[in-house]
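Quick notes on the structure that follows.
2 protein chains.
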Amino acid sequence: MSVTIHDVARKAHVSVATVSRALALPDLVADATRARVLAAAKLLGYQPNRAARSLITGKTGNLGIIVPDLGNPFYPNILKGAQSCAHQSSHSVLLADSDEDPAQEEALVRTMAKQVDGIVICAPFASDARLLKMAELTTLVLINRSLPGVPSVLMDIAGGMTQAVAHLVSLGHRRCAFLNGPNIAWSTRERRRGMRAAAATQGLNFIEFGPFEPKFEGGLEGADVALKQNVTTIVAFNDLMALGVLSRLAACGVRVPQDVSVVGFDDLLYATMCAPALTTVAMPMEAAGSAAVHLLLERVGSEQPERNNSGNRHKLPTKLIVRGTTAAPSARGTKVESAAKRVYSGA
Amino acid sequence: MSVTIHDVARKAHVSVATVSRALALPDLVADATRARVLAAAKLLGYQPNRAARSLITGKTGNLGIIVPDLGNPFYPNILKGAQSCAHQSSHSVLLADSDEDPAQEEALVRTMAKQVDGIVICAPFASDARLLKMAELTTLVLINRSLPGVPSVLMDIAGGMTQAVAHLVSLGHRRCAFLNGPNIAWSTRERRRGMRAAAATQGLNFIEFGPFEPKFEGGLEGADVALKQNVTTIVAFNDLMALGVLSRLAACGVRVPQDVSVVGFDDLLYATMCAPALTTVAMPMEAAGSAAVHLLLERVGSEQPERNNSGNRHKLPTKLIVRGTTAAPSARGTKVESAAKRVYSGA
DNA sequence: ATGAAAGCGCTAACAC
DNA sequence: GTGTTAGCGCTTTCAT
Chain X
1 MSVTIHDVAR KAHVSVATVS RALALPDLVA DATRARVLAA AKLLGYQPNR AARSLITGKT
61 GNLGIIVPDL GNPFYPNILK GAQSCAHQSS HSVLLADSDE DPAQEEALVR TMAKQVDGIV
121 ICAPFASDAR LLKMAELTTL VLINRSLPGV PSVLMDIAGG MTQAVAHLVS LGHRRCAFLN
181 GPNIAWSTRE RRRGMRAAAA TQGLNFIEFG PFEPKFEGGL EGADVALKQN VTTIVAFNDL
241 MALGVLSRLA ACGVRVPQDV SVVGFDDLLY ATMCAPALTT VAMPMEAAGS AAVHLLLERV
301 GSEQPERNNS GNRHKLPTKL IVRGTTAAPS ARGTKVESAA KRVYSGA
Chain R
348 MSVTIHDVAR KAHVSVATVS RALALPDLVA DATRARVLAA AKLLGYQPNR AARSLITGKT
408 GNLGIIVPDL GNPFYPNILK GAQSCAHQSS HSVLLADSDE DPAQEEALVR TMAKQVDGIV
468 ICAPFASDAR LLKMAELTTL VLINRSLPGV PSVLMDIAGG MTQAVAHLVS LGHRRCAFLN
528 GPNIAWSTRE RRRGMRAAAA TQGLNFIEFG PFEPKFEGGL EGADVALKQN VTTIVAFNDL
588 MALGVLSRLA ACGVRVPQDV SVVGFDDLLY ATMCAPALTT VAMPMEAAGS AAVHLLLERV
648 GSEQPERNNS GNRHKLPTKL IVRGTTAAPS ARGTKVESAA KRVYSGA
């Protein structure tokens with residue numbers, strides 16, 4: 001069908017072994033020979049058959065990446081980073097979507113395991129135990145999930161939270177609502193912990209609400225609940241939720257940032273596109289994808305099943321991006337109070 | 348390393364050939380034997396090595412999909428549809444990002460060609476000639492690009508435009524600005540054609556502007572230009588651009604939809620999340636991804652290089668989603684005029 | 001209905 | 001420095 005190593009060998013008047021070497025270990029063949037082989041290969045447009053190579057080396061040159069939901073705008077940039085990094089190391093990436101289903105996640109790992117050298121799972125939904133089981137099937141790297149024994153790429157959420165709280169406190173906010181994400185999620189626990197620590201350290205008074213769905217709709221709900229408490233600022237679990245908060249606030253006649261400040265997490269593309277633009281803690285998504293692939297490649301390359309733990313956990317820095325949804329609180333909370341009353345008078 | 352067909356054969360007391368048959372062509376083996384083989388396979392957790400199979404069958408069970416930019420919110424849902432459809436036919440999908448570079452696109456096809464059964468390219472940037480050349484390397488299916496001889500999945504843009512124009516006309520709009528996307532893009536030509544036809548048919552007076560970058564920034568620019576012309580409505584190339592228009596309009600004190608109506612294209616997630624929510628022509632992105640994979644699998648399955656042309660072009664329906672950015676124009680364009688003057692008085 | 005055996009294209013010992 | 005050769009795990013004739 002296609003041009004094989006034999007064709008190249010014949011054309012270059014050498015054996016197939018020499019062709020193979022000239023391509024893979026150039027130092028082992030004489031310069032003249034190598035030149036001849038390379039010329040022949042290029043002339044014929046030879047591309048090694050990866051299946052054949054894989055059969056013998058045991059490596060596929062493929063990496064798997066599993067995301068919970070391709071429709072969630074949080075993941076594409078992770079994919080972008082992962083894809084780009086993999087490509088640089090001439091690896092291909094197999095994409096799969098688990099539909100936020102732990103069982104599906106495991107099934108995907110099981111299927112993929114045979115055809116990849118390793119798998120990156122983004123924000124896995126599976127339990128620790130299941131994840132550990134999957135880790136036996138192939139080399140695993142996690143993004144946004146910490147699990148002893150499995151290397152992972154995390155983002156410095158606590159650090160981001162500290163920056164956000166510092167920003168709000170410096171603006172003069174004292175009463176803050178914090179909207180939680182789903183209880184099962186690692187990132188919810190992480191944010192909560194960060195919030196508690198930062199608030200305690202910096203003397204911010206805050207009330208927790210939730211869990212809410214980490215989506216626009218969750219923000220709608222969250223805003224309703226928070227409005228009742230007459231807070232001057234709302235910190236949302238993520239940007240999607242913050243966008244929902246913004247929308248509900250606008251609908252209730254609460255002005256942002258004059259009446260209430262809003263802070264999100266992630267720094268999605270949309271954060272810059274709404275009016276006012278969202279103040280948010282930027283997550284290094286592309287970097288995370290890239291770091292995860294790096295980690296994977298590193299482990300795959302050097303056959304070391306158990307490495308020292310220090311290299312197992314990458315924590316990437318986050319950064320507060322101040323935009324238009326945060327400002328000093330107005331002297332008194334009257335506006336918010338009346339708006340909240342208005343909303344709930346009928347309910 | 349792993350469990351092979353030999354292990355299963357030994358366990359089931361049959362030859363490897365029988366195992367192979369029991370799994371692939373169940374009718375060719377006796378019921379009892381098949382049962383024994385299946386049991387052994389399951390017991391050992393046997394998973395056929397796809398590389399080995401691929402080597403002999405010539406099929407990889409992989410599909411490639413190339414998008415111009417993973418960071419663009421238009422593509423993830425196409426990926427979702429493609430991935431899900433491929434998965435249903437037990438194919439894997441190899442993802443690549445061309446960075447909107449025609450050369451990269453071609454390079455990716457060349458690299459992928461060997462390890463996939465076919466490739467879907469979304470909104471390709473390469474020229475017709477180059478695309479045709481790529482089509483010789485592997486089975487190709489295009490999304491959002493029409494090219495004689497290469498099967499493609501398109502969206503009914505003209506139909507969507509007709510709906511949008513009908514909506515605007517019925518609202519009473521007579522002066523419309525239409526913001527074009529990049530001139531090279533197939534979808535720009537398609538929209539322009541649709542707009543001209545719909546406007547002519549329905550008697551809408553419109554002015555074309557652009558090309559603009561099909562992003563938020565392009566919308567910022569576009570709004571500036573359109574405002575000068577004192578139109579009552581703006582139709583943007585896509586949602587990203589429409590969001591930019593919205594933002595600039597808000598910044599200029601032009602109220603939407605009271606002063607100016609805005610219509611986008613795509614129906615991105617964000618279209619529902621801005622305030623007011625965007626009226627837009629929804630593109631069936633997930634369906635397109637799925638349709639493209641279907642087409643690919645169909646062609647790959649039945650080795651027919653040249654099929655009758657009728658099956659080569661799928662046009663998917665689009666639908667206008669009316670939300671908050673469109674309304675009847677105010678009696679007089681005064682407001683817009685003064686706002687536009689304000690903006691440009693200094694420039 | 002089942003088994004034996006010949007490769008698919010490539011790499012990795014092992015010879016020379 | 002280069003060639004020969006034995007498989008990698010699987011499917012598929014060809015016998016039986």
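In order, the protein sequence lines correspond to chains X and R.
Going by my numbering, the first sequence opens with residue 1, and the numbers climb by one from there.
Going by my numbering, the second sequence opens with residue 348, and the numbers climb by one from there.
All C-beta atoms in this analysis are idealised placements derived from N, C-alpha and C, irrespective of residue type, glycine included.
All figures in this text were calculated on a predicted structure; none of them were measured in a lab.
Close beta carbons around residue i, own chain, < 8 Å, minus the five adjacent residues each side
i, result
"S685 of chain R", "Note that S685 of chain R scores 48 on pLDDT, short of 50, meaning its location in the model is unreliable; the coordinates nonetheless yield the value given after this. Hits under 8 Å: none found."
"N655 of chain R", "In this prediction, N655 of chain R scores a pLDDT of 45, lower than 50, which makes its location untrustworthy; no coordinate-derived value is stated."
"R383 of chain R", "A359, H360, V361"
"T681 of chain R", "For T681 of chain R, the predicted model reports a pLDDT of 44, less than 50, meaning its position is unreliable and no value from the coordinates is stated."
"R381 of chain R", "A369, P373"
"R323 of chain X", "A271, T272, P276, A277, L278, T279, T280"
"S92 of chain X", "G61, N62, L63, A86"
"H167 of chain X", "V263, T279, L320, V322, T326"
Beta carbon of residue i nearer than 8 Å to that of residue j
i, j, result
"L484 of chain R", "V497 of chain R", "no"
"A242 of chain X", "G264 of chain X", "yes"
"A470 of chain R", "S431 of chain R", "no"
"M195 of chain X", "F178 of chain X", "yes"
"G71 of chain X", "E286 of chain X", "no"
"L79 of chain X", "L442 of chain R", "yes"
"S261 of chain X", "T325 of chain X", "yes"
"A398 of chain R", "S54 of chain X", "yes"
"P244 of chain X", "G219 of chain X", "This sequence places Gly at residue 244 of chain X; Pro is not what is there. In this structure, G219 of chain X lies closer than 8 Å to G244 of chain X by Cβ."
"A473 of chain R", "E452 of chain R", "yes"
"D31 of chain X", "D69 of chain X", "no"
"D266 of chain X", "R248 of chain X", "no"
"L593 of chain R", "P73 of chain X", "no"
"D464 of chain R", "T407 of chain R", "yes"
"V153 of chain X", "A291 of chain X", "yes"
"N585 of chain R", "G636 of chain R", "no"
"Q605 of chain R", "S493 of chain R", "no"
Residues near residue i in its chain [Cβ-Cβ closer than 7 Å; skip 5 each side]
i, result
"P305 of chain X", "Residue confidence is low: P305 of chain X scores 48 on pLDDT, short of 50, so the model does not pin down where it sits. No coordinate-derived value is stated."
"L375 of chain R", "R368"
"V8 of chain X", "V19, V37, A40, A41, L44, Y46"
"Y691 of chain R", "Unreliable positioning characterises Y691 of chain R in this predicted model, as indicated by a pLDDT of 39, which lies under 50. The coordinate reading is nonetheless provided below. Hits under 7 Å: K575."
"A199 of chain X", "V165, F206"
"R193 of chain X", "A158"
Residues near residue i by beta carbon distance below 6 Å, same chain, minus five either side
i, result
"I5 of chain X", "V16, V19"
"L204 of chain X", "V165, V169, C176"
"A328 of chain X", "L171, G172"
"K562 of chain R", "L587"
"E213 of chain X", "none"
"R174 of chain X", "N205"
Nearest neighbour of residue i, chosen from the options [CA to CA]
i, options, result
"D448 of chain R", "R:I413, R:H360, R:P631", "R:I413"
"D97 of chain X", "R:N424, R:T404, R:D613, R:K406", "R:N424"
"T57 of chain X", "X:T33, X:A24, X:N183", "X:A24"
"E645 of chain R", "R:I466, R:A386, R:F421, R:Y393", "R:I466"
"N144 of chain X", "X:T326, X:R313, X:V93", "X:R313"
"I554 of chain R", "R:E560, R:P529, R:G565, R:I581", "R:I581"
"P578 of chain R", "R:G636, R:D446, R:G519", "The residue you asked about is not Pro; residue 578 of chain R is Val in the sequence shown. That would be R:G519, whose Cα lies nearest to the Cα of V578 of chain R."
"G301 of chain X", "X:S152, X:E190, X:N62", "X:N62"
"V281 of chain X", "X:V256, X:D259, X:A236, X:A275", "X:A236"
"K480 of chain R", "R:R457, R:S499, R:S439", "R:R457"
"E564 of chain R", "X:D117, X:S90, X:C274, X:Y75", "X:C274"
"V293 of chain X", "X:A86, X:A250, X:L108", "X:A86"
"S2 of chain X", "R:R357, R:L455, R:S439, R:Q462", "R:Q462"
"L487 of chain R", "R:A573, R:G569, R:G411, R:E568", "R:G411"
"P284 of chain X", "X:Y75, X:P48, X:I121, X:N49", "X:Y75"
(Q) I'd like the ranges of any beta strand (DSSP E) spanning at least 3 consecutive residues and lying wholly in the segment 464-527 of chain R. (A) Here the runs fully enclosed are 465-469, 486-490, 499-502, 522-526.
Q.
Does the contact criterion of 3 or more C-beta pairs under 8 Å hold for the segment 497-509 of chain R versus the segment 661-673 of chain R?
A. Verdict: yes, contact present.
Q | Ranges of the alpha helix (DSSP H) found wholly within the segment 33-57 of chain X, counting only runs of at least 4 | A | Qualifying alpha helix (DSSP H) stretches, in chain order: 50-57.
**Q.** In chain order, each beta strand (DSSP E) run of at least 3 residues that lies wholly inside the segment 88-120 of chain X
**A.** Runs found: 92-97.
Q. What are the complete alpha helix (DSSP H) segments, minimum 4 residues, inside the segment 563-590 of chain R?
A. Here the runs fully enclosed are 563-574.
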